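K.L.:
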């Protein structure tokens with residue numbers, strides 16, 4: 030491979046840049062001349078908005094900083110490639126840019142929507158006898174890509190959630206039973222509850238943890254929820270509940286829609302959700318008279334690189350390296366996967382898998398991992414998730430604040 | 030001093046437990062027999078709900094864990110002592126409990142309201158020739174206690190705010206100018222803007238930081254705010270603004286009240302504020318059509334011990350030790366203060382000051398430290414705040430999550 034290019038797409042994570050670092054590292058080991066980065070994904074690519082990663086990453090200090098930098102260093106996008114039919118000009122433009130810059134391989138880090146881009150480009154290349162290869166590099170805090178055991182980005186987000194919830198539990202328990210506060214914490218995850226399930230990891234040795242967990246995999250019943258809070262209040266002096274932003278009733282109506290009707294829709298047609306915790310906090314206050322508090326982890330959960338999981342950072346780098354290695358072997362139209370060999374002791378390797386089985390498919394939390402009677406996660410989930418949050422990569426502090434690497 | 034007692038009051042911080050640790054440490058050095066902790070402050074004290082800190086802190090591992098545990102290890106309260114007149118029974122009860130347990134000194138960590146408790150008890154003791162001494166130990170994320178240069182709890186909260194804002198800025202900048210997002214971050218601080226001002230510390234070497242900062246010390250003008258966002262949008266592809274929960278218009282009407290009328294009131298008669306960021310995000314979306322996002326740091330900012338400032342932890346411990354030392358010297362009705370000797374290099378000592386000049390007085394951010402034209406903080410503030418966020422105390426991790434010390 031003479032030159033290669035890497036891009037970032039979709040919602041950012043704490044470790045998406047470690048995958049870019051991995052792509053760069055392996056490519057340089059293999060003697061690739063230029064490792065380009067597309068600025069703002071395929072959107073920037075179409076404008077030939079590239080940077081040469083040598084300008085940043087040939088300096089090892091910058092390489093280390095990049096691994097500690099959250100969000101998309103290269104810039105991300107939410108551009109969905111149109112169908113080939115009727116849009117041949119877009120595809121011709123993409124391949125002409127690749128040819129012009131002698132780019133032999135194209136790497137894209139992203140989730141379900143981004144893997145669709147790899148699928149369409151690799152299919153087009155095969156059909157038109159193009160030699161360039163296209164590889165998907167998994168990245169999503171949502172952990173909802175199929176085939177792969179888990180997704181880079183998930184572990185760090187889960188670690189943030191468990192750490193912050195434990196702190197919220199401490200804070201909420203500061204006052205006595207006569208000032209009982211019901212704290213409802215909203216966690217990202219539209220259709221898949223992997224992140225909200227990570228709330229279960231906050232439990233400590235004493236058994237003190239989140240009092241109830243509500244995932245979008247299970248239809249939400251408001252009456253039962255209120256009943257559960259009342260029951261908890263009989264014995265607890267502090268109640269902390271974790272809810273997914275995507276919880277909905279049996280008719281599919283989102284709980285946040287109970288309070289306000291219109292919601293904007295993103296480029297992929299997904300409804301923009303928020304306000305689930307606030308909606309529920311208001312309902313509980315009204316129904317029980319308890320003091321309530323709503324907390325939304327919002328983008329903090331996906332950007333908190335200062336408490337990223339070292340396991341996650343290492344795996345994000347690993348999938349970047351693997352993508353380059355496999356592209357160099359001539360593979361295309363594949364996504365790198367993480368293949369768990371063992372949970373205890375934890376061991377995980379990389380593999381590759383046909384992108385057609387991955388793009389646009391969502392993997393949800395298995396219902397049998399949910400303790401429906403107690404609104405908790407079962408041990409199977411704990412065993413699955415716990416290894417993914419282990420380890421820390423010490424931030425590089427300056428003036429008391431973690432440093433990041435920025436594009437010039 | 031034969032026995033002493035320490036209590037925690039008011040809203041918790043990341044480092045309030047370090048002050049309890051300091052009280053314990055110094056008392057043991059001085060040969061105090063029992064160091065009691067009141068469970069839930071004066072409220073628990075009145076029920077003789079004590080623990081003996083030896084049961085926890087004679088083990089050095091627990092001492093280290095306590096310094097890393099956020100919120101009130103002993104439990105807090107928001108109990109306001111009634112006036113002596115007509116409530117003599119309450120005061121008699123307090124002193125009879127002290128006498129029964131041979132407690133010679135009473136230490137209370139807290140903010141303005143809690144210092145009032147120390148004032149009333151020490152005044153009562155003097156008037157009734159009681160020998161017990163009462164010392165205030167400063168604690169408040171709000172940094173609004175007078176006389177003291179700053180308050181333990183502030184530095185860690187400021188460090189969390191600066192760190193998280195830098196991460197939010199990275200996240201918000203992931204997308205390109207054609208997906209400009211205006212992110213409005215709400216920070217605690219009802220009347221004093223010290224915490225919101227700490228947003229200025231997020232600025233990095235490249236000058237990239239928060240685009241505007243709005244403190245409650247300055248009347249908020251909605252028209253000018255909208256105008257500023259529009260102006261910023263001309264050159265920026267991402268806008269992040271920090272606002273205090275307590276910003277209000279020239280008539281004193283809180284901005285969050287623009288969207289919803291009724292607000293509950295806490296035990297001290299303070300209005301419960303929230304939703305300022307959401308209110309402004311909705312207004313901006315309507316007025317400009319930009320995508321907006323509201324983030325509330327909520328209790329996360331005061332509980333994030335995993336990113337606490339080592340300077341703050343050390344000073345919190347120091348004020349606890351000083352309180353015991355001065356009580357042992359026979360002082361009463363005083364609060365420990367932090368006295369800055371130099372900002373660069375930073376050096377700070379402890380002092381004591383008459384509680385009458387402190388209780389119920391609020392210290393605000395000096396107007397001359399605010400760059401009113403640019404909605405930013407001036408260098409004077411940066412020089413003041415920067416030393417307070419320096420240093421980290423590595424959490425003690427287990428299964429990937431920081432450990433805390435809990436009461437049995």
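Chains as they are written, first to last, in my numbering: chain A, 30 to 437; chain B, 30 to 437.
Ideal Cβ positions, reconstructed from N, Cα and C, are used throughout, including at glycine.
Everything numeric in this text was worked out from a predicted model, so none of it was measured.
1. Could you pull out every unbroken alpha helix (DSSP H) segment of at least 4 residues lying fully inside the region 334 to 363 of chain A, listed in chain order?
2. Would you call the region 239 to 256 of chain A and the region 218 to 228 of chain A touching, i.e. three or more CB-CB distances under 8 Å?
3. Please go through the same chain and pick out, in chain order, the residues whose beta-carbon is closer than 6 Å to the beta-carbon of residue 289 of chain B, but skip the five residues on each side of it.
4. Report buried or exposed for residue 395 of chain B, applying the criterion of at least 16 other Cβ atoms within 10 angstroms of its Cβ.
5. Going by DSSP, name the residue or residues bridged to residue 367 of chain B.
6. Should residue 69 of chain B be labelled buried (16 or more other beta-carbon atoms within 10 Å of its own) or exposed?
7. Which chain B residues are close to residue 435 of chain A, counting only those with a beta carbon under 8 Å from its beta carbon?
8. Going by C-alpha distance, which of A:142, A:79 and A:115 is nearest residue 108 of chain A?
9. Less than 7 Å between the C-beta atoms of residue 198 of chain A and residue 249 of chain A, yes or no?
10. In the DSSP output, which residue or residues are listed as bridge partners for residue 176 of chain B?
11. Applying a beta-carbon distance threshold of less than 9 Å, which residues of chain A neighbour residue 328 of chain B?
12. Assuming residue 138 of chain B and residue 71 of chain B form a contact by the criterion Cβ under 8 Å, report the distance between their Cβ atoms to the nearest whole angstrom.
13. Give me the residue from A:212, A:106, A:272 and A:192 with the minimum Cα distance to residue 425 of chain B.
14. Under 7 Å, Cβ to Cβ, is there at least one residue of chain A near residue 204 of chain B?
15. Work out the CA separation of residue 436 of chain B and residue 236 of chain A for me, nearest whole Å.
16. In angstroms with no decimal places, state the Cα-to-Cα distance between residue 266 of chain A and residue 65 of chain A.
17. Given that residue 56 of chain A touches chain B, what residues does it touch there, using C-beta distances under 7 Å?
18. Interface residues of chain B around residue 230 of chain A at Cβ under 7 Å?
19. Where does residue 81 of chain A fall in DSSP's three states?
20. Is the CB of residue 342 of chain A under 7 Å away from at least one CB in chain B?
21. Do you know how far the Cα of residue 229 of chain A is from the Cα of residue 295 of chain B?
22. For residue 212 of chain B, which option in B:40, B:311, B:99 and B:380 has the closest C-alpha, if you only look at C-alpha atoms?
23. Specify the secondary structure class of residue 65 of chain B as computed by DSSP and reduced to three states.
24. Does the Cβ of residue 357 of chain B have 16 or more other Cβ atoms within 10 Å, making it buried, or fewer, making it exposed?
25. For residue 397 of chain B versus residue 173 of chain B, is the C-beta spacing smaller than 7 Å?
26. Name, going along the chain, the residues of the region 181 to 195 of chain B whose beta-carbon falls closer than 8 Å to a beta-carbon of chain A.
27. Report buried or exposed for residue 88 of chain A, applying the criterion of at least 16 other Cβ atoms within 10 angstroms of its Cβ.
28. How long is the line joining the alpha carbons of residue 152 of chain A and residue 158 of chain A, rounded to whole angstroms?
29. Give the DSSP bridge partners of residue 49 of chain B, in chain order.
30. Name the two residues that bound the continuous beta strand (DSSP E) containing residue 418 of chain A.
31. Our contact map puts residue 362 of chain B next to residue 124 of chain B with C-beta atoms below 8 Å; I'd like the distance itself, whole angstroms only.
32. Quick one: which chain B residues come within Cβ less than 8 Å of residue 415 of chain A?
33. Anyone know if the C-beta pair for residue 171 of chain B and residue 218 of chain B falls short of 7 Å?
34. How many Å lie between residue 260 of chain A and residue 432 of chain B at the Cα?
35. Beta-carbon within less than 8 Å of residue 255 of chain A's beta-carbon, same chain only, minus the 5 sequence neighbours each way: which residues are those?
36. How big is the Cα-Cα spacing for residue 61 of chain A and residue 309 of chain A?
P.N.:
Taking the geometry as given:
1. 339 to 357
2. yes
3. Its pLDDT being 45, under 50, residue 289 of chain B is placed unreliably by the model, and the measurement read from it follows with that caveat. Correct list: empty, nothing qualifies.
4. exposed
5. B:379
6. buried
7. 233, 235 and 237
8. A:142
9. no
10. DSSP lists no partner for residue 176 of chain B.
11. 196, 197, 200, 201, 212, 322 and 324
12. That belief does not hold up - the Cβ atoms of residue 138 of chain B and residue 71 of chain B are roughly 12 Å apart, past 8 Å.
13. A:192
14. yes
15. 13 Å
16. 56 Å
17. Here the premise fails: no neighbours, minimum Cβ distance about 23 Å.
18. 430
19. strand
20. no
21. Confidence in residue 295 of chain B is poor, its pLDDT being 47 and thus under 50, which makes the residue's placement unreliable; the coordinate value appears in the next sentence. Residue 295 of chain B and residue 229 of chain A: Cα-Cα distance of roughly 31 Å.
22. B:311
23. strand
24. buried
25. no
26. 188, 191, 192, 193 and 195
27. exposed
28. 10 Å
29. Bridge partners of residue 49 of chain B: none, in fact.
30. Run containing residue 418 of chain A: none; DSSP gives neither H nor E here.
31. At roughly 15 Å, the Cβ-Cβ gap does not stay under 8 Å, so residue 362 of chain B and residue 124 of chain B are not in contact.
32. 428 and 429
33. yes
34. 28 Å
35. 312, 313, 316 and 317
36. 54 Å
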